[in-house]
Amino acid sequence: MKLAASLLAADCACLAREVERVEPAVDLLHLDVMDGHFVPNLTFGPPVANALRKHTSLPFAIHLMIEHPVRYAREFQVSPVDSITFHIEAADPPEEALRAIRDLGCRVGISSRPRTPLAEVFPYLGMVDLVLVMSVEPGFGGQAFLPDAVGRIQALRREIGERAVEIAVDGGIGPGNVRNVVEAGADVVVAGSAIFGTPDPHAAALELWTRAGRTKRS
Numbered sequence: 001m002k003l004a005a006s007l008l009a010a011d012c013a014c015l016a017r018e019v020e021r022v023e024p025a026v027d028l029l030h031l032d033v034m035d036g037h038f039v040p041n042l043t044f045g046p047p048v049a050n051a052l053r054k055h056t057s058l059p060f061a062i063h064l065m066i067e068h069p070v071r072y073a074r075e076f077q078v079s080p081v082d083s084i085t086f087h088i089e090a091a092d093p094p095e096e097a098l099r100a101i102r103d104l105g106c107r108v109g110i111s112s113r114p115r116t117p118l119a120e121v122f123p124y125l126g127m128v129d130l131v132l133v134m135s136v137e138p139g140f141g142g143q144a145f146l147p148d149a150v151g152r153i154q155a156l157r158r159e160i161g162e163r164a165v166e167i168a169v170d171g172g173i174g175p176g177n178v179r180n181v182v183e184a185g186a187d188v189v190v191a192g193s194a195i196f197g198t199p200d201p202h203a204a205a206l207e208l209w210t211r212a213g214r215t216k217r218s
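Take a look at the structure:
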């Protein structure tokens with residue numbers, strides 16, 4: 001298991017401090033990039049990602065919830081980037097987005113909305129490094145976990161089979177359901193409010209490891 005802290009739930013006025021608080025307890029920083037078109041919200045752009053890079057060595061997991069990932073993926077090439085994930089429902093053809101991200105030298109992820117049939121991502125499993133399962137409707141943090149996400153994770157794990165493709169899960173994950181998510185087949189757990197919505201984000205991240213029945217690798 002890897003644990004990614006979603007900065008969407010962090011104090012945006014003090015992002016560097018927020019990152020410093022959780023850095024020892026997480027593996028990745030998850031940045032939700034929203035354009036106000038693909039989803040009805042606006043969040044981080046390239047300037048924020050570049051500014052944060054000066055304050056941490058943690059890899060970034062960039063989640064592009066935008067209409068045109070081909071146009072903007074290059075702007076988030078702020079090493080080290082673990083992965084850049086785009087949505088299959090975006091305006092750009094998936095094959096073009098895959099190539100554009102792969103050309104940057106980082107791992108490629110694909111995602112879909114909860115209501116999109118999971119089978120729509122299956123044709124791309126041989127071309128991606130991870131699939132991001134959304135366990136909430138994309139666009140806003142702090143939402144409740146959608147229970148049918150567990151079934152989607154299990155179905156995806158069966159379809160992946162022996163392929164070297166990770167499953168990441170994002171949305172509504174906390175101490176009460178993280179073990180179910182991991183046992184269903186998640187390799188990467190993305191948590192926002194469960195970490196940053198607490199008085200002690202570092203302790204909250206460590207609790208997620210404990211509740212998942214896993215130990216953070218140094």
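In the UniProt record's numbering, the protein residues as written are 1 to 218.
We put the CB at the ideal spot given by N, CA and C, even for glycine.
Between Y124, V178, S193, which lies nearest to P147 when the distance is taken from Cα to Cα? Relative to P147, the option among Y124, V178, S193 whose CA is nearest is V178.
Per-residue burial, L42 [other beta carbons within 10 Å of its own, 16 or more giving buried]: exposed
Taking C-beta to C-beta, are F60 and L29 nearer than 8 Å? Judged by their CB atoms, F60 and L29 are nearer to each other than the 8 Å cut-off.
Check H68 in the structure and name its three-state DSSP category. coil
Contact between the region 192-208 and the region 9-20 is defined here as three or more beta-carbon pairs at a separation below 8 Å; is this criterion met? Of all C-beta pairs linking the region 192-208 to the region 9-20, three or more are shorter than 8 Å, placing the two stretches in contact.
Buried or exposed: which applies to G213, given that a residue is buried once 16 or more other Cβ atoms fall within 10 Å of its Cβ? exposed
Rounded C-beta distance between E89 and S112? I'm assuming under 8 Å. 6 Å
What residues are listed by DSSP as bridge partners for residue 224? Any property of residue 224 remains undetermined from this structure, which presents the chain solely from 1 to 218.
Endpoints, the beta strand (DSSP E) within which E166 is located: Looking at the DSSP string, the run of the beta strand (DSSP E) that includes E166 is 166-170.
Option in Y124, S6, I167 with minimal Cα separation from G192: S6
Kindly list the residues whose CB is nearer than 6 Å to the CB of residue 220, restricted to its own chain and excluding five residues on each side of it in sequence; keep chain order. Given a span of 1 to 218 for the chain in the structure shown, any question on residue 220 remains unanswerable.
Beta-carbon separation (whole angstroms), L208 vs A186, contact threshold 8 Å: With 8 Å as the limit, L208 and A186 do not qualify as a contact, their Cβ atoms being about 12 Å apart.
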